[in-house]
């Protein structure tokens, strides 16, 4: 068969040419924006100021959250309350002092950040099962090998964007 004589229907079509309807990118952006706004509105409607106040009770008195930080804490509490996962990605330490998982080489930095922003006690501990049962601290700073033995209701991971790459050690350790 001569390629020049083939019927058009047998020739591979460009996916854009073969599409029956044209996509309006601006309309798609608008629809996505509206969906995000609806989700944001739903989360805002479910917000309870008492939850925020109770969760900030450990902060030092001289620490005053900026409006965007209050909004960030509000967002974190709402996604948790509504069982929605989310990655904040803003690097705001004051918003993420709760359950922490991170690499050994930044332990000391996190301990200093917790001391700077909160009245919580931090205990960095390596020990056996009996010794671990004696822990009475608000926050525990530890490595993956220890943490994997616990079931967490919530886990906040510093540098969580690294979890997206399924080939990373962080992804594998958190998955297991």
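Numbering (the UniProt record's numbering), first residue to last: 1 to 176. Using N, Cα and C, we set each Cβ at its ideal position, and we do this for glycine too.
For residue 173, the enclosing alpha helix (DSSP H) has its first and last residue at 169 to 175. Out of 167, 166, 63, the CA that lies nearest to the CA of residue 113 is found in 63. The Cβ neighbour count for residue 169, taken over all protein chains shown within 10 Å, is under 16; the residue is labelled exposed.
Nearest in C-alpha terms to residue 59, of all of 41, 118, 30, is 118.
With 16 or more other Cβ atoms from the protein chains shown falling within 10 Å of its own Cβ, residue 76 counts as buried. Boundaries of the alpha helix (DSSP H) harbouring residue 115: 107 to 117, taken from the DSSP string.
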